[in-house]
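The opening position of the sequence shown corresponds to residue 0 in numbering that gives the first Met the number 0, with each subsequent residue numbered one higher. Even glycine gets a Cβ: it sits at the ideal position worked out from N, Cα and C. Following: one structure in structure tokens, then a few remarks.
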Amino acid sequence: MLTLADLKPGEKLYDLGCGDGRILIMAAQEFGAEAVGVELNLSLVREGREKVSSLGLEEKVKIIHGNLFDIDVSPADVVTLYLTTSANEKVKPKLEKELRPGARVVSHDFMIPGWKPVKTVRFRENYRTHTIYLYIR
0 MLTLADLKPG EKLYDLGCGD GRILIMAAQE FGAEAVGVEL NLSLVREGRE
50 KVSSLGLEEK VKIIHGNLFD IDVSPADVVT LYLTTSANEK VKPKLEKELR
100 PGARVVSHDF MIPGWKPVKT VRFRENYRTH TIYLYIR
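This is how it looks when you write it as structure tokens:
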């Protein structure tokens with residue numbers, strides 16, 4: 000997802016529904032980006048924060064316990080999503096309102112209704128086919 004988004008050092012990544020923070024950690028470690036994640040599930044937030052702390056990435060990675068609709072994503076260069084199509088449809092107006100032109104949005108397995116991806120990549124992993132959609136605002 001991050002390679003497809005062409006994430007660069009110093010850019011800001013927002014992962015909406017970040018789970019345990021694995022994409023955030025990868026963004027900081029492998030791409031040199033700053034990363035912010037938002038997650039509703041408190042146990043996943045705690046797990047992610049523990050990983051971030053154990054890796055010494057507190058300066059580069061922030062995990063927020065909360066609702067993604069309450070977080071301003073306007074600083075994002077890249078937004079990653081692994082939500083359902085219906086959730087993507089609900090978050091679409093927020094992204095349209097807050098993201099600046101040129102910001103990249105990458106969605107795993109689920110399209111954003113009404114948006115046309117600039118690139119689509121399919122791959123197999125663990126006997127399952129995945130599709131990644133890249134959008135540019």
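(message) I believe residue 102 touches residue 60 by the beta-carbon criterion, under 8 angstroms. Please report the beta-carbon distance rounded to the nearest angstrom.
(response) That pair is no contact at about 19 angstroms.
(request) Could you check the C-alpha separation between residue 140 and residue 53 for me, to the nearest Å? (result) A question about residue 140 goes unanswered here, because the residues of the chain that appear run from 0 up to 136.
(request) List the residues that DSSP assigns as beta-bridge partners of residue 78. (result) 13, 104
(request) Below 8 angstroms on the Cβ atoms is my guess for residue 105 versus residue 70; work out the distance and round it to an integer in Å. (result) The pair is not a contact, with the Cβ atoms about 17 angstroms apart (cut-off 8 angstroms).
(request) Put residue 136 into one of helix, strand or coil per three-state DSSP. (result) coil
(request) Identify, in the order they occur along the chain, each residue of the same chain with its Cβ nearer than 6 angstroms to the Cβ of residue 56, setting aside the five sequence neighbours on each side. (result) 27
(message) Rounded to whole angstroms, what is the Cα-Cα separation between residue 110 and residue 79?
(response) 12 angstroms
(request) Would you mind stating whether residue 75 and residue 12 have Cβ atoms separated by less than 8 angstroms? (result) yes
(request) Give the single residue among 107, 99, 114 whose Cα lies nearest to the Cα of residue 17. (result) 107
(request) Give me whichever residues DSSP pairs with residue 124 in a beta bridge. (result) 127
(request) With DSSP collapsed to three states, give me the class of residue 119. (result) strand
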